[in-house]
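Notes follow once the structure below has been shown.
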Amino acid sequence: MQTPMPAHLQQVRLPRWLLPSDWPQIQGHPAPAQLGLSQGRITALTPAAQAQPAHSGWNLHGALALPGFVDAHVHLDKTFTLPRIPHVEPGLLGAIEAMMTDRAGWTAEDVRQRAERALHWAWEAGSTRLRTHVDWWEPDRVPVAWPVLRELAQAWRGRVRLERVSLMRLAFYEDAAQADRLARTVAASGPDALLGGFVHTAHWNETGLRHLLRAAQRHDLDVDLHVDEELEPSAHGLATLARLTREIGFTGRVVCGHVCALAAQDEATALRTLDAVARAPITLVSLPATNLLLQDAVTGRTPRQRGLTLVKEARERGIPRLLASDNVQDPFCRLGSYDPVEALAIGALVGQLPDPFDTWSEALCRADWLERAPAAVQAPSLIGAPADLVLFADADMHGFPSRAARRVVLRDGRLAHGQPPAGWLPSAAHAAHAAHAAPAPASSFVLS
Ligand SMILES: [Zn+2]
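Adding 29 to a residue's 1-based position in the sequence shown gives its number in this note's numbering.
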């Protein structure tokens, strides 16, 4: 049995950032909407109070809804390895050491099984797009996970768009000819591949960074980097990137993950860097869970510094900024579930973010912020967009993202995961639904 595609969603509470600026308010909050759905797309958006009554849809009675999520920074090659690793020293270096030991046993099948489980979890959470980093340990050998993840990207096409980033040390790019060779290899390895690198004071290499950008430009690749994932105030990877993109005239997008060091710098230096970032084709991605676990981590001592980058100051400057999962159940982070809402919940607390639903949920949904020409401050229009929606059965705007676990995922307007509460369904279906006391198993709703 498959629940039919609803033609309308009535009384849907959408976040403020997604609505036109003249959208009606009720007591200072956006009024509920009515959405028209047709052929897998959103075809109409009307304030519910002005909409024609519709009998062929679901009435959400004010339940919250968000567009499908983008989880912009994960590590599918490492995921779910923690259960087989006996001991991990605290901090980033301890995690790297534990990972080095485990990766000696990686096979294509091992990576495939772990990554596929992650994709299923992401799909159930409501993500439509994932970007994974993949460790490249040697410049002349493509790692075992790279082609496996390409195969999975093809297998999951239409459900989750999977992008791959080559995570390499900057030293690999120091030689310009080798940098060019690496970029060519990545570009030739299929669609949705990006050039990546690890930018850190312990491996600082400005020449490598410059060659990385030049090689990416030559091979028409976008770039995604781990940047300043440390609390060293002198770290200047982000500032250097802002300068180099201008010097080179870089035309792609550079996504910078972590950038924790901004939070450890004096205010004037950090804000000067953000001013430069705002003029560069740079998107920031903050990974609150992993940074809480790895920054200022010393055995037997309570951490004092928290490692979240300056997300509020970035927002003030109109810098595209996303929140993402990062490591899930591996030596770098023992928690995680490929649910971007979890990243928002942690970020909202550690960053004291006001209005998680109406303002900060944007940081889970703006896939265009990974593109070369993002829609800037204004959200892209909902009309004409695929009807990929995450509907929250229990959450409300005051407590969000608390009680966000029970959700209904629509993909192309059809039910992909979860079960609509009986009270959402039209009355005839409602009665039929109530008559069948036992709901159909969730798996019968999963489209493939
Ligand atoms: Zn990462």
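Cβ coordinates follow ideal geometry from the N, Cα and C atoms, glycine included.
query                                                                                                                                                                                         : result
Going by other Cβ atoms of all chains shown within 10 Å of its Cβ, with 16 needed for buried, is Leu-38 buried or exposed?                                                                    : buried
Report all residues for which the CB-ligand distance to some heavy atom of ligand 1 is below 6 Å; order them along the chain.                                                                 : His-102, His-104, His-162, His-255, Gly-286, Asp-355
Assign Met-197 to one of two classes, buried (16 or more other C-beta atoms within 10 Å of its C-beta) or exposed (fewer than that).                                                          : buried
Within the continuous beta strand (DSSP E) that includes Arg-96, where are the two ends?                                                                                                      : Looking at the sequence itself, residue 96 is Pro, so the reference to Arg does not match. Note, Pro-96: beta strand (DSSP E), 94 to 96.
By how many angstroms is the C-alpha of Ser-85 removed from the C-alpha of Arg-113?                                                                                                           : 51 Å
Using the three-state DSSP reduction, which class does Ile-412 fall into: helix, strand or coil?                                                                                              : coil
Applying the criterion that 16 or more other CB atoms from any shown protein chain within 10 Å of the CB defines a buried residue, is Val-327 buried or exposed?                              : exposed
For the putative contact between Ala-422 and Ala-92, defined by C-beta atoms under 8 Å, what is the C-beta separation to the nearest angstrom?                                                : 6 Å
Once the 5 residues before and after Ser-477 are set aside, which same chain residues still bring their CB inside 8 Å of it?                                                                  : Low per-residue confidence applies at Ser-477: pLDDT is 28, beneath 50, and the placement is therefore not dependable, though the value from the model is reported in the following sentence. Same-chain partners within the cutoff: Arg-188.
Are the CB atoms of Val-370 and Ala-445 nearer to each other than 7 Å?                                                                                                                        : no
Across which residues does DSSP place Ile-311 in a beta bridge pair?                                                                                                                          : Val-283
Terminal residues of the continuous beta strand (DSSP E) containing Leu-74?                                                                                                                   : 70 to 76
Report all residues from its chain with a CB closer than 6 Å to the CB of Ala-424; omit the five preceding and five following residues, and keep chain order.                                 : Leu-93, Arg-432, Ala-433
Please go through the same chain and pick out, in chain order, the residues whose beta-carbon is closer than 7 Å to the beta-carbon of Gln-40, but skip the five residues on each side of it. : Pro-61, Ala-77, Asn-88, Leu-89, His-90, Gly-91
Sorted by chain position, which residues of the same chain lie with C-beta nearer than 8 Å to Gly-120's C-beta, five sequence neighbours on each side aside?                                  : Leu-323, Ala-326, Val-327
Could you give the distance in angstroms between the alpha-carbon of Gly-286 and the alpha-carbon of Leu-316?                                                                                 : 7 Å
Within the continuous alpha helix (DSSP H) that includes Leu-178, where are the two ends?                                                                                                     : 174 to 184
Which residue or residues does DSSP assign as beta-bridge partners of Phe-421?                                                                                                                : Arg-436
Under a three-way DSSP split, which group does Asn-88 fall into?                                                                                                                              : strand
Going by alpha carbons, who is nearest to Ile-348 out of Cys-362, Val-284, Leu-382, Gly-329?                                                                                                  : Val-284
Looking only at its chain, what residues have a beta carbon closer than 7 Å to the beta carbon of Ala-205, apart from the 5 residues adjacent to it on each side?                             : His-240
In three-state DSSP terms, what is Ala-36?                                                                                                                                                    : coil
Say whether the region 147 to 159 touches the region 96 to 114, bearing in mind that this needs 3 or more beta-carbon pairs closer than 8 Å, one atom from each stretch.                      : yes
Return the residue from the list Gly-155, Asp-169, Pro-176, Trp-152 that minimises the CA-CA distance to Val-163.                                                                             : Pro-176
Which partner residues does Ala-62 have in the DSSP bridge list?                                                                                                                              : Val-41, Pro-76
In the DSSP assignment, find the unbroken beta strand (DSSP E) run with Ala-377 in it and report its ends.                                                                                    : Ala-377 -> not in any beta strand (DSSP E); alpha helix (DSSP H) instead, spanning 369 to 379.
My assumption, with CB atoms under 8 Å, is that Trp-185 sits in contact with Leu-191. Please give the rounded CB distance.                                                                    : 6 Å
With a 10 Å radius around its C-beta and 16 neighbouring C-beta atoms as the bar for buried, classify Val-194 as buried or exposed.                                                           : buried
Closest to Thr-269 by CA distance: which of Arg-170, Val-256, Met-426, Glu-261 is it?                                                                                                         : Val-256
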